[in-house]
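S.K.:
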Amino acid sequence: MVLYQEHPPHPALAPYLACLWTCQVLPGATPVTHRVLPDNCMDILWQDVAALSRVSGMMSTVVHVPVHQPVRTIAARFKPGAAAHFFAMPLHELADQHPLLDDLWGGAAVRQFNDAIWSRTLSDVDAVTTVERLLLRRLRSNGTIKAPGLIDAAVGAIEQSGGTMRIDTLAAQLGVSRQHLSSQFRAGVGLGAKQFARVCRFRQASARIRAATHTGQLDWARLALDLGYYDQPHLIHEFRQLSGSTPESFGTPPT
Numbered sequence: 001m002v003l004y005q006e007h008p009p010h011p012a013l014a015p016y017l018a019c020l021w022t023c024q025v026l027p028g029a030t031p032v033t034h035r036v037l038p039d040n041c042m043d044i045l046w047q048d049v050a051a052l053s054r055v056s057g058m059m060s061t062v063v064h065v066p067v068h069q070p071v072r073t074i075a076a077r078f079k080p081g082a083a084a085h086f087f088a089m090p091l092h093e094l095a096d097q098h099p100l101l102d103d104l105w106g107g108a109a110v111r112q113f114n115d116a117i118w119s120r121t122l123s124d125v126d127a128v129t130t131v132e133r134l135l136l137r138r139l140r141s142n143g144t145i146k147a148p149g150l151i152d153a154a155v156g157a158i159e160q161s162g163g164t165m166r167i168d169t170l171a172a173q174l175g176v177s178r179q180h181l182s183s184q185f186r187a188g189v190g191l192g193a194k195q196f197a198r199v200c201r202f203r204q205a206s207a208r209i210r211a212a213t214h215t216g217q218l219d220w221a222r223l224a225l226d227l228g229y230y231d232q233p234h235l236i237h238e239f240r241q242l243s244g245s246t247p248e249s250f251g252t253p254p255t
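Residues 1 to 255 (the working numbering) are what the sequence shown spells out, left to right.
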């Protein structure tokens, strides 16, 4: 059995975090492979297996994660563009990577924090609170204040369009060159603006497909048109690249 729950962030972290989440794979659970789809977010994961903490950089495609032993995970999921306030590096260097947090924040402080979580048995709520304290301390030590800017405006516009907005149009609206927007976006978000938009559009498509499973009816040509794909083959090609499956087989668990 796998227990998963999302927790709302502390108010001071709400501008930066989509949620905190906890997951526990209980003893005796059947070994499975989880299909993790790109969602335009970054995560930090603390796990009780070897008391390791890792960063999951923004994903450009599907990742298959085998789970074959009991493990407990406490994690923070950042909103697009918000992780830059916690990492003093261009975020595209973390894309599709899973480095140890020790290597990014310094080993001694991270190990002390890991000990605070795993040296005693904490409830999920207490563990989440401990993670929030670390993130607040990190945020304050950086002297960072969240303020709207170019990246926030670009992320908001792409998300509002469902990923259909053209990047050159967006750059013109923001009063910058496409090259400047692209370089700033990659460094501040983790993916290029075009790839970020692809993932937004994919998420719209996957949500529509999931909803259609209840009715058994879906006009594939209409879906492709609504979401800005050139045609149905374009939808299938993009879907396969991002999820590893065709839209028709999307609901089938991986083997």
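C-beta: ideal position from N, C-alpha, C; glycine also.
With distances taken Cα to Cα, identify the nearest neighbour of residue 151 among 79, 219, 242.
M.R.: The residue you call residue 151 lines up with position 151 of the sequence shown. Ranking the options by Cα distance to residue 151, first place goes to 79.
S.K.: Considering Cα atoms alone, identify which of 130, 142, 64 is closest to residue 245.
M.R.: Your numbering for residue 245 matches position 245 in the sequence shown. The residue among 130, 142, 64 with its C-alpha nearest the C-alpha of residue 245 is 64.
S.K.: With a 10 Å radius around its C-beta and 16 neighbouring C-beta atoms as the bar for buried, classify residue 123 as buried or exposed.
M.R.: As a working mapping, residue 123 is identified with position 123 in the sequence shown. With fewer than 16 other Cβ atoms within 10 Å, it is exposed.
S.K.: On a Cα-Cα basis, can you pick out the residue from 202, 83, 237, 158 that is closest to residue 19?
M.R.: For this step, residue 19 is matched to residue 19 along the sequence shown. When each option's Cα is compared against that of residue 19, the closest is 83.
S.K.: Looking only at DSSP bridge pairs, what is residue 46 linked to?
M.R.: Locating residue 46 in the sequence shown gives position 46, counting from the first residue. Paired residue(s): 53, 74.
S.K.: Between which two residues does the beta strand (DSSP E) harbouring residue 19 extend?
M.R.: To locate residue 19, count along the sequence shown from 1; it is residue 19. From DSSP, the beta strand (DSSP E) with residue 19 extends over 17 to 25.
S.K.: CA-CA distance, residue 60 and residue 160?
M.R.: As a working note, residue 60 is residue 60 in the sequence shown. As a working note, residue 160 is residue 160 in the sequence shown. The alpha-carbon atoms of residue 60 and residue 160 are separated by roughly 20 Å.
S.K.: Within 10 angstroms of its Cβ, does residue 22 collect 16 or more other Cβ (buried), or is it exposed?
M.R.: Walking along the sequence shown from the start, residue 22 turns up at place 22. The residue is buried, with at least 16 neighbouring Cβ atoms inside 10 Å.
S.K.: Based on Cα-Cα distance, which residue from 51, 108, 212 lies nearest to residue 247?
M.R.: Looking up residue 247 in the sequence shown gives position 247. Selected option, being the one with the closest Cα: 212.
S.K.: State the DSSP-derived secondary structure class of residue 11, mapped to helix, strand or coil.
M.R.: As a working note, residue 11 is residue 11 in the sequence shown. In the structure shown, residue 11 sits in a helix (DSSP, three-state: H, G or I).
S.K.: Hey, residue 128 and residue 46 are a contact pair by Cβ (cut 8 Å); roughly how many whole angstroms apart?
M.R.: Position 128 of the sequence shown, counting from 1, holds the residue named residue 128. Position 46 of the sequence shown, counting from 1, holds the residue named residue 46. Contact flag wrong, Cβ pair sits at about 10 Å.
S.K.: Can you look up residue 176 in the DSSP assignment and give me helix, strand or coil?
M.R.: Here residue 176 is taken as the residue at index 176 of the sequence shown, counted from 1. Coil at residue 176, not helix or strand.
S.K.: What are the start and end residues of the alpha helix (DSSP H) that includes residue 129?
M.R.: Within the sequence shown, residue 129 is the residue found at index 129, counting from 1. Counting along the chain, the alpha helix (DSSP H) containing residue 129 begins and ends at 124 to 142.
S.K.: Whole angstroms are fine: how far does the CA of residue 192 sit from the CA of residue 186?
M.R.: Here residue 186 refers to the residue found at position 186 when the sequence shown is read from its first residue. Here residue 192 refers to the residue found at position 192 when the sequence shown is read from its first residue. Separation of residue 186 and residue 192 (C-alpha to C-alpha, rounded to the nearest whole angstrom) is 5 Å.
S.K.: Of the residues 176, 55, 166, which one's Cα is nearest the Cα of residue 149?
M.R.: Numbered from 1 along the sequence shown, position 149 holds the residue referred to as residue 149. With distances taken between Cα atoms, residue 149 lies closest to 176.
S.K.: With DSSP run on the structure shown, which of helix, strand or coil describes residue 254?
M.R.: Position 254 of the sequence shown, counted from the first residue, corresponds to residue 254. Low confidence applies here, because residue 254 scores a pLDDT of 40, under 50, leaving its location unreliable; read the following figure in that light. Residue 254: coil per DSSP, three-state reduction.
S.K.: Take the Cβ of residue 25 as the centre, count every other Cβ of all protein chains shown within 10 Å, and call the residue buried at 16 or more, exposed below.
M.R.: On the sequence shown, position 25 is the one that residue 25 refers to. Burial call: buried.
S.K.: If you draw a straight line from the C-alpha of residue 267 to the C-alpha of residue 113, how long is it?
M.R.: Missing from the structure shown is residue 267; the chain here goes from 1 to 255 and no further.
S.K.: Is the segment 46 to 58 touching the segment 95 to 109 in the sense that three or more CB pairs, one from each, lie closer than 8 Å?
M.R.: yes
S.K.: In three-state terms, what does DSSP make of residue 199?
M.R.: Reading the sequence shown from its first residue, position 199 is the one you call residue 199. Residue 199 falls in the helix class under three-state DSSP.
S.K.: Given residue 227, which residues of its chain have a CB within under 6 Å of its CB, disregarding the five upstream and five downstream residues?
M.R.: Here residue 227 refers to the residue found at position 227 when the sequence shown is read from its first residue. Counting only Cβ-Cβ distances below 6 Å, and skipping sequence neighbours, we find 201, 204, 205.
S.K.: What are the boundary residues of the beta strand (DSSP E) that residue 62 is part of?
M.R.: Walking along the sequence shown from the start, residue 62 turns up at place 62. Run containing residue 62: none; DSSP gives neither H nor E here.
S.K.: Can you have a look at residue 255 and say buried or exposed, based on whether 16 or more other CB atoms are within 10 angstroms of its CB?
M.R.: Here residue 255 corresponds to residue number 255 of the sequence shown, with the count starting at 1. With a pLDDT of only 38 at residue 255, under the threshold of 50, the placement of this residue in the model should not be trusted; the figure read from the coordinates follows. It counts as exposed.
S.K.: Just to confirm my understanding: we take residue 10, look at its own chain, exclude 5 residues before and 5 after, and list those with CB closer than 6 Å. What are they?
M.R.: In the sequence shown, residue 10 corresponds to position 10, counting from 1. Excluding residues up to 5 positions away in sequence, 132 lie with their Cβ nearer than 6 Å to the Cβ of residue 10 in the same chain.
S.K.: Let me know if residue 6 comes out buried or exposed under the rule of 16 or more other beta-carbons within 10 Å of its beta-carbon.
M.R.: To locate residue 6, count along the sequence shown from 1; it is residue 6. Under this definition residue 6 is an exposed residue.
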